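Participant: Mind the numbering: the first sequence is residues 0 to 571 in numbering that gives the first Met the number 0, read in order.
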Amino acid sequence: MTTMDRTGVARALEQIASYLELQGENAFRVRAFKAAAKTVQGIPGDLAGALRDGSLAEAKGIGPAILQVITELVTTGRSVVLEQLRTEVPAGLLEMLEISGLGVAKIRQIRDALGIDNLPELEAAARDGRLAALPRFGARTAENILKGIAFLRQASEWRLSHHAHDESAALCEALLRLPHVLAAHVAGEVRRRLEVVRDMVIVLVADVPPNELLRQLEAIPGVKEIAGEDERRATLRFAGGGTVQVMVTPPQNLGTVLVQATGSQAHLAALAARATAKGFNLAGAALWEGSRFVATPTEESLYAALALPWMPPELREDGGELDRPVPELVEGRDLRGFLHCHTTYSDGTSSLTDLTEACRLEGYEYVGITDHSRAAAYAGGLSPDSIRAQWAEIDELNRRGTGPRLLKGIESDILVDGALDYPDDILAGFDFIIGSIHSRFNLSEAEMTERVCRAMASPYLTIIGHPTGRLLLSREAYRIDLDRIFSAAAAHGVAIEINADPHRLDLDWRVLARARAMGVMISIGADAHSVAGIANMSYGVGVARKGGLGRDDLLNCRSAEDFLAFARARRS
DNA sequence: GCCGTTTTCGGCCCGACTGTTTTCAGTCG
Numbered sequence: 000m001t002t003m004d005r006t007g008v009a010r011a012l013e014q015i016a017s018y019l020e021l022q023g024e025n026a027f028r029v030r031a032f033k034a035a036a037k038t039v040q041g042i043p044g045d046l047a048g049a050l051r052d053g054s055l056a057e058a059k060g061i062g063p064a065i066l067q068v069i070t071e072l073v074t075t076g077r078s079v080v081l082e083q084l085r086t087e088v089p090a091g092l093l094e095m096l097e098i099s100g101l102g103v104a105k106i107r108q109i110r111d112a113l114g115i116d117n118l119p120e121l122e123a124a125a126r127d128g129r130l131a132a133l134p135r136f137g138a139r140t141a142e143n144i145l146k147g148i149a150f151l152r153q154a155s156e157w158r159l160s161h162h163a164h165d166e167s168a169a170l171c172e173a174l175l176r177l178p179h180v181l182a183a184h185v186a187g188e189v190r191r192r193l194e195v196v197r198d199m200v201i202v203l204v205a206d207v208p209p210n211e212l213l214r215q216l217e218a219i220p221g222v223k224e225i226a227g228e229d230e231r232r233a234t235l236r237f238a239g240g241g242t243v244q245v246m247v248t249p250p251q252n253l254g255t256v257l258v259q260a261t262g263s264q265a266h267l268a269a270l271a272a273r274a275t276a277k278g279f280n281l282a283g284a285a286l287w288e289g290s291r292f293v294a295t296p297t298e299e300s301l302y303a304a305l306a307l308p309w310m311p312p313e314l315r316e317d318g319g320e321l322d323r324p325v326p327e328l329v330e331g332r333d334l335r336g337f338l339h340c341h342t343t344y345s346d347g348t349s350s351l352t353d354l355t356e357a358c359r360l361e362g363y364e365y366v367g368i369t370d371h372s373r374a375a376a377y378a379g380g381l382s383p384d385s386i387r388a389q390w391a392e393i394d395e396l397n398r399r400g401t402g403p404r405l406l407k408g409i410e411s412d413i414l415v416d417g418a419l420d421y422p423d424d425i426l427a428g429f430d431f432i433i434g435s436i437h438s439r440f441n442l443s444e445a446e447m448t449e450r451v452c453r454a455m456a457s458p459y460l461t462i463i464g465h466p467t468g469r470l471l472l473s474r475e476a477y478r479i480d481l482d483r484i485f486s487a488a489a490a491h492g493v494a495i496e497i498n499a500d501p502h503r504l505d506l507d508w509r510v511l512a513r514a515r516a517m518g519v520m521i522s523i524g525a526d527a528h529s530v531a532g533i534a535n536m537s538y539g540v541g542v543a544r545k546g547g548l549g550r551d552d553l554l555n556c557r558s559a560e561d562f563l564a565f566a567r568a569r570r571s
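Below, the structure written as structure tokens:
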């Protein structure tokens, strides 16, 4: 039993880095903690296990001092270093560091000149002109800081899907240990696999009346209070500020309650209208036909009563799905190729061999290795020499033939003029190429669209990576005309990626059907930077399913040979 | 704080953008 998991440890290390930065510590010491946080995120499986077997101590960027901190966090849930820092640096400064455009230098200037060390005071100073009057500040800076504060406030209501997923799963586990709980189901936006989540909902099946169970919820670890309650629901507020709604149902109504807890509002409205038209009533926590109770122990039984096929949760969005045939959606096991991963050759934290072995265990037939290209210097982009070294290693591993087939790829920066990042004679040596934008985000829509279209004209490009550049809850997409990109991609035979990194999930599921209708092939790329990042794939599958995609719509559901044929077709 | 085919010290990634200035510091990816 460990006290703190991987995410918690990584968060603590990041906090230490931020506190040190605010204290004016050596930038490289700060960077060491940030890098260690990243490494810890990438450790597969149980952190305590990696501590025991010594693999954590061997990991790059983990030295004796940081290993000590991690050991402490994992075994006791606390860190002396972190707690000491908390007494020395006001927590409000840490929040200020979250604001885009505010770094330690400016924060220190603000604190020294105005005595401000928290967000509310910062906001007031930005409004009343004190901030703009500081040297090297101005009206624009104050305005941007206000925008940043507003953005943070809004974003704090939302969670990234993988965080919501992990939190729901952990809570389900705790709830299942309560007496009289027969089952616990994650519902709501997590179950619909939305890219960001505001409201978490869990349905409990119990063999006692709901109120008997609801009384016990306060005892769940981490629960601060019951924020709201009725005869069959309670809202739990956690110490961290988040809330989760828990609904309780007897087994005979599980289908109806689970559908209602899953949503969306529009889907439920369409379903209720359908029920009314058929002489049913779906208003409460059960299905009624006049005054006759209709048992709905499963979701299938509810939909069947309304003469509808069961609807996969991912598709329950605008209500229009009830009028369309239910497509056969892609499943995780349909993916034969694992695409888009970074190794220690660039900014990944797992070695090529470790990543390959982990992909073998996941059952992938082939793996497309795509480290960063040389323009991405901040991410350790590959020099021509490194490329040759990696190709030699890939050739050797393929010769041994003990793992999945390795494909030589690269995630090439699309330079500002639309060129790929190596001369053609090097590009020609790759089996396939993902082209992505990592810099110069601020072009006009026309310029950005033209830039990507020019990249697609290269016969070496196979896939456009994270095509809008958004970072969920942190950075807007860059301006780009997706319809023009789709039609050019279809014309050139270039695929477009669903980037499965839960920070991106880019393309957005809402435009997938349009892309497919225009003839664009889609690929799911994990953008894994570690063995742990292999798990990203399931989020990409969620996006594809929300977009209504099936196996035939996805490039990496094809065999390695067919995948390579797709890439080669462009070069002839 | 971490690392080492320059290994116990001295280096660690760098170019572009923004808002401020009028030549550049601070921030970001």
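Beta carbons: idealized from backbone N, C-alpha and C, even for Gly.
None of the values given here were measured: they were computed from a predicted structure.
Applying the criterion that 16 or more other CB atoms from any shown protein chain within 10 Å of the CB defines a buried residue, is T255 buried or exposed?
Facilitator: In the first sequence, the residue the question calls residue 255 occupies position 256. With 16 or more other Cβ atoms within 10 Å, it is buried.
Participant: On the premise that I69 lies in contact with V39, defined as a C-beta separation below 8 Å, what is that separation, rounded to the nearest angstrom?
Facilitator: If you number the first sequence from 1, residue 39 lands on position 40. If you number the first sequence from 1, residue 69 lands on position 70. Yes, V39 and I69 are in contact; Cβ-Cβ is about 7 Å, under 8 Å.
Participant: Report all residues from its chain with a CB closer than 7 Å to the CB of P466; omit the five preceding and five following residues, and keep chain order.
Facilitator: Within the first sequence, the letter at position 467 stands for residue 466. Correct list, in chain order: I484, I495, E496, D505 and L506.
Participant: From the DSSP output, which residues share a beta bridge with M199?
Facilitator: Taking the first sequence and counting its residues from 1, one reaches residue 199 at position 200. V243, per the DSSP bridge assignment.
Participant: Looking at the structure shown, is N441 part of a helix, part of a strand, or coil, going by DSSP?
Facilitator: One-based indexing of the first sequence puts residue 441 at position 442. Of the three classes helix, strand and coil, the one that applies to N441 here is coil, per DSSP.
Participant: Per DSSP, what kind of secondary structure is N143 in: helix, strand or coil?
Facilitator: The residue you call residue 143 lines up with position 144 of the first sequence. Three-state result, N143: helix.
Participant: Pull up the distance between the alpha-carbon of M520 and that of L338, whole angstroms please.
Facilitator: As a working note, residue 520 is residue 521 in the first sequence. As a working note, residue 338 is residue 339 in the first sequence. Between M520 and L338, the C-alpha separation is close to 14 Å.
Participant: What's the call for D322, buried or exposed, on a 16-neighbour Cβ count within 10 Å?
Facilitator: By 1-based counting over the first sequence, the position of residue 322 is 323. By the 10 Å Cβ count, D322 comes out exposed.
Participant: Could you check where the alpha helix (DSSP H) with G48 kicks off and where it finishes?
Facilitator: As a position in the first sequence, residue 48 is number 49, starting the count at 1. First-last of the alpha helix (DSSP H) with G48: L46 to R51.
Participant: If you check the beta carbons only, do S263 and E299 fall under 8 Å apart?
Facilitator: Translated into the one-based positions of the first sequence, residue 263 becomes position 264. Translated into the one-based positions of the first sequence, residue 299 becomes position 300. Cβ atoms of S263 and E299: not closer than 8 Å.
Participant: Throw me the rounded Cβ distance for the N535 and A543 pair, which I believe falls under 8 Å.
Facilitator: Residue mapping note: residue 535 aligns to position 536 of the first sequence, counting from 1. Residue mapping note: residue 543 aligns to position 544 of the first sequence, counting from 1. N535 to A543, Cβ: 13 Å. No contact.
Participant: Which residues share a DSSP beta bridge with R232?
Facilitator: Here residue 232 refers to the residue found at position 233 when the first sequence is read from its first residue. R232 pairs with M246.
Participant: Tell me the DSSP secondary structure of G25 in three-state form.
Facilitator: Reading the first sequence from its first residue, position 26 is the one you call residue 25. Position check: residue 25 holds Asn in this sequence, whereas Gly was assumed. Coil at N25, not helix or strand.
Participant: Less than 8 Å between the CB atoms is what I'm expecting for V202 and S160, so what's the real figure, rounded?
Facilitator: The count along the first sequence starts at 1 and reaches residue 202 at position 203. The count along the first sequence starts at 1 and reaches residue 160 at position 161. Rounded, the Cβ-Cβ distance is 19 Å, inconsistent with contact.
Participant: What is the DSSP secondary structure of K277, reduced to helix, strand or coil?
Facilitator: Here residue 277 refers to the residue found at position 278 of the first sequence. Coil at K277, not helix or strand.
Participant: Using alpha carbons as the reference points, say which of D394, G62, T74 and G549 lies closest to E327.
Facilitator: Within the first sequence, numbered from 1, the residue matching residue 327 stands at position 328. When each option's Cα is compared against that of E327, the closest is G549.
Participant: Beta-carbon within less than 6 Å of L314's beta-carbon, same chain only, minus the 5 sequence neighbours each way: which residues are those?
Facilitator: To locate residue 314, count along the first sequence from 1; it is residue 315. Excluding residues within five positions, the ones whose Cβ falls inside 6 Å are E320.
Participant: Would you call the CB atoms of I479 and T461 closer than 8 Å?
Facilitator: Mapped onto the first sequence, residue 479 falls at position 480. Mapped onto the first sequence, residue 461 falls at position 462. No; because the gap between Cβ atoms is not below 8 Å, this pair is not in contact.
Participant: So, is L12 buried or exposed, given that buried needs 16 or more other C-beta atoms within 10 angstroms?
Facilitator: In the first sequence, counting from the first residue as 1, residue 12 sits at position 13. Result: buried.
Participant: If we ignore side chains and look at the alpha-carbon of each, how far apart do G468 and E475 end up?
Facilitator: Position 469 of the first sequence holds residue 468. Position 476 of the first sequence holds residue 475. Taking the straight line from one Cα to the other gives about 8 Å.
Participant: Just list the alpha helix (DSSP H) runs in the region 145–188, keeping only unbroken ones of 4 residues or longer that don't cross its boundaries, in chain order.
Facilitator: Complete alpha helix (DSSP H) runs here, min 4: 160–175.
Participant: Could you give the DSSP three-state label for W287: helix, strand or coil?
Facilitator: Within the first sequence, residue 287 is the residue found at index 288, counting from 1. In the structure shown, W287 sits in a strand (DSSP, three-state: E or B).
Participant: When DSSP labels each residue in this structure, what does L504 get in the three-state scheme?
Facilitator: Here the question's residue 504 lines up with position 505 in the first sequence. L504: coil per DSSP, three-state reduction.
Participant: Along the chain, where does the beta strand (DSSP E) containing E496 start, and where does it finish?
Facilitator: As a first step, residue 496 must be located in the first sequence, where it is residue number 497. From DSSP, the beta strand (DSSP E) with E496 extends over A494 to N498.
Participant: Pair every Cβ in the region 394–413 with every Cβ in the region 366–384, then say whether three or more of these pairs are closer than 8 Å.
Facilitator: Cβ pair count under 8 Å is three or more, so yes.
Participant: Can you give the beta carbon distance from V243 to L170, rounded, assuming they're within the 8 Å contact cut?
Facilitator: Taking the first sequence and counting its residues from 1, one reaches residue 243 at position 244. Taking the first sequence and counting its residues from 1, one reaches residue 170 at position 171. Confirmed, about 6 Å.
Participant: How big is the Cα-Cα spacing for A34 and V530?
Facilitator: Translated into the one-based positions of the first sequence, residue 34 becomes position 35. Translated into the one-based positions of the first sequence, residue 530 becomes position 531. For A34 and V530, the distance between alpha carbons rounds to 16 Å.
Participant: Would you check if the distance between the CB atom of P312 and the CB atom of V325 is smaller than 8 Å?
Facilitator: Within the first sequence, numbered from 1, the residue matching residue 312 stands at position 313. Within the first sequence, numbered from 1, the residue matching residue 325 stands at position 326. No, the Cβ-Cβ distance between P312 and V325 is not below 8 Å.
Participant: How big is the Cα-Cα spacing for L72 and E24?
Facilitator: Start at 1 with the first residue of the first sequence, and residue 72 comes out as number 73. Start at 1 with the first residue of the first sequence, and residue 24 comes out as number 25. Roughly 22 Å between the two C-alpha positions.
Participant: With a CB to CB cut of under 8 Å and the five nearest residues on each side skipped, what residues in its chain are close to L96?
Facilitator: Here residue 96 refers to the residue found at position 97 of the first sequence. Within the same chain, L96 has close Cβ partners S17, E20, L21, G102, V103 and I106.
Participant: Can you tell me whether DSSP reads Y365 as helix, strand or coil?
Facilitator: Residue 365 sits at position 366 when you count from the first residue of the first sequence. Correct three-state label for Y365: strand.
Participant: So, V540 versus G331, is the Cβ gap smaller than 8 Å?
Facilitator: Position 541 of the first sequence, counted from the first residue, corresponds to residue 540. Position 332 of the first sequence, counted from the first residue, corresponds to residue 331. In this structure, G331 lies closer than 8 Å to V540 by Cβ.
Participant: Who does R404 pair with in a DSSP beta bridge?
Facilitator: In the first sequence, the residue the question calls residue 404 occupies position 405. Note: R404 sits in a beta bridge opposite Y365.
Participant: DSSP beta-bridge partners for D412?
Facilitator: Numbered from 1 along the first sequence, position 413 holds the residue referred to as residue 412. S435.
Participant: Can you check which of these residues, T401, A56 and T352, is closest to W390 by C-alpha distance?
Facilitator: Translated into the one-based positions of the first sequence, residue 390 becomes position 391. The candidate whose alpha carbon is nearest that of W390 is T352.
Participant: Go ahead and pull the three-state DSSP assignment for E13.
Facilitator: Counting from 1 along the first sequence, the entry for residue 13 is found at position 14. Residue state, collapsed to three classes: helix.
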